[in-house]
Amino acid sequence: MDNWDDMRVFLAVARTESLSGAAPILKMDPATLGRRIARLERAMGAALFVKSPQGYALTDLGERTRDRAAQAEAALSFAFDEGRGASSGLTGQIRIGAPDGAASFLLPQVCAAIQAENPDLELQILALPRVVNLSRREADMAVTVSPPAAGQLTVQKITDYHLHLATRADAPVIRSRADLKDRPVVGYIPDMIFDKELDYLGEFGAQGVQLASNSVAVQLQMLRCAGVGFVHDFILPFAPELRPVLTDEIALHRSFYLVRHTSDRQSDRLTRFAAALTKGMQAEVVRLEALHA
């Protein structure tokens with residue numbers, strides 16, 4: 013198989029697990045993508061996907077092909093990086109994976125500022141309620157809330173951030189932990205917490221969660237209706253109808269980390285973007301946390 017363009021189509025479908033998910037990334041219609049996948053499978057003499065109404069799942073051959081194609085994609089990207097030179101502006105496409113709190117309330121404005129300074133740069137934010145798999149090239153880099161313990165990865169701390177309990181400003185006043193009794197608790201779905209740093213309930217003695225979601229954005233909407241739960245300080249400026257409570261008694265301290273594949277250190281373009289992203293996130297956390305202090 014010598015058609016790299018078809019392999020690009022394959023990688024996009026493998027990462028999104030559907031033709032409809034890959035279509036906007038590649039700016040092609042799903043029917044065309046389906047024909048390209050079929051052509052690639054004919055050329056390889058075997059199926060790469062198991063197709064179902066739920067989407068496209070990789071076969072064993074598909075998984076091996078994905079890993080090798082991702083390595084080739086990275087090598088090709090490095091070659092282009094060397095040709096661009098360090099003095100030029102950032103160009104090309106860069107995808108950042110992140111938990112949805114950072115993806116929804118920090119990265120949009122940070123990425124918009126970086127892109128404004130680099131008009132030929134295309135930035136994609138991948139918000140996932142799980143750890144982003146960099147080895148499979150789901151993203152070029154990832155923001156995480158704890159450093160990974162294994163893998164060929166480089167980890168750099170970005171910044172600290174804080175969380176406090178919050179509730180509707182017009183709810184009955186909470187003056188002590190005793191006042192939390194009988195208030196519905198908003199938080200993560202317990203069996204879908206993908207990082208121990210997101211397991212907040214024990215921090216204020218809650219025995220369970222009555223309003224739950226795997227999404228920070230959905231939890232925020234729940235708090236706008238009822239209950240009490242932890243909210244990032246950098247999110248509170250986006251929700252003026254909420255007020256933090258028991259701030260002197262209950263507070264959480266967490267950190268964001270930037271994780272990259274070790275081989276990507278060869279890429280000057282990704283290294284320069286990582287530096288800009290880190291600086292931007294540091295400044296934005298400070299700015300937003302100061303707004304509600």
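When we follow my numbering, the leftmost residue of the sequence shown carries the number 13, and every step to the right adds one.
Heads up, the beta-carbon is just placed ideally off N, CA and C, and yes, glycines get one too.
The model shown is predicted, which means the values in this text are computed figures rather than measured ones.
(Q) Please identify the residue among His304, Ala288 and Ile201 whose C-alpha is closest to the C-alpha of Ile108. (A) Ala288
Q.
Residues in the same chain with beta-carbon distance under 6 Å from Val297, minus the five sequence neighbours each way, listed in chain order, please.
A. Leaving aside the five residues that flank Val297 on each side, the residues in its chain whose CB is nearer than 6 Å to its CB run, in chain order, Thr171, Tyr173 and Phe246.
Q: Please go through the same chain and pick out, in chain order, the residues whose beta-carbon is closer than 7 Å to the beta-carbon of Ala139, but skip the five residues on each side of it.
A: Sequence-distant partners of Ala139 (beyond 5 residues in either direction) whose C-beta falls short of 7 Å from its own C-beta, in its chain, are Ala110, Asp112, Ala115 and Ser116.
Q) Is Arg306 helix, strand or coil when you go by DSSP? A) Limits of the chain in this structure are 13 at one end and 305 at the other, which puts residue 306 out of reach.
Q: Can you give me the start and stop residues for the beta strand (DSSP E) that Thr179 sits inside?
A: Leu165 to Arg180
Q. Going by the beta-carbon positions, is the gap between Pro256 and Leu177 smaller than 8 Å?
A. yes
Q: Identify, in the order they occur along the chain, each residue of the same chain with its Cβ nearer than 7 Å to the Cβ of His265, setting aside the five sequence neighbours on each side.
A: Only Asp172 and His174 meet the Cβ criterion.
Q | Inter-residue spacing [alpha-carbon to alpha-carbon] between Leu102 and Gln127 | A | 9 Å
Q.
Using a Cβ-Cβ cutoff of less than 7 Å, which residues in the same chain neighbour Phe250 once the five nearest sequence positions on both sides are dropped?
A. Phe117
Q: Could you tell me the distance, in whole angstroms, from the CA atom of Phe268 to the CA atom of Cys123?
A: The alpha-carbon atoms of Phe268 and Cys123 are separated by roughly 16 Å.
Q. Per DSSP, what kind of secondary structure is Leu117 in: helix, strand or coil?
A. Here the sequence assigns Phe to residue 117, which means Leu is not the residue at that position. Of the three classes helix, strand and coil, the one that applies to Phe117 here is helix, per DSSP.
Q | Reduced DSSP secondary structure (H/G/I, E/B, other) of Gly108 | A | Correcting the residue identity first, residue 108 is Ile in this sequence and not Gly. Ile108 falls in the strand class under three-state DSSP.
Q: Compute the Euclidean distance between the alpha carbons of Thr44 and Glu215, then round it to the nearest angstrom.
A: 51 Å
Q. Skipping 5 residues on each side, what residues in its chain have a beta carbon closer than 6 Å to that of Ile106?
A. Leu135, Asp152 and Phe285
Q) What is the rounded straight-line gap between the Cα of Leu235 and the Cα of Arg299? A) Going from the Cα of Leu235 to the Cα of Arg299 covers about 23 Å.
Q: Find out if the Cβ-Cβ distance for the pair Val240, Val185 is shorter than 8 Å.
A: The beta carbons of Val240 and Val185 sit no closer together than 8 Å.
Q: Mind listing, in chain order, the continuous beta strand (DSSP E) runs of no fewer than 3 residues lying wholly within the region 217-289?
A: 240-244, 254-256 and 264-273
Q | Backbone CA spacing between Ala263 and Val62 [nearest angstrom] | A | If you take the alpha carbons of Ala263 and Val62, they lie about 47 Å apart.
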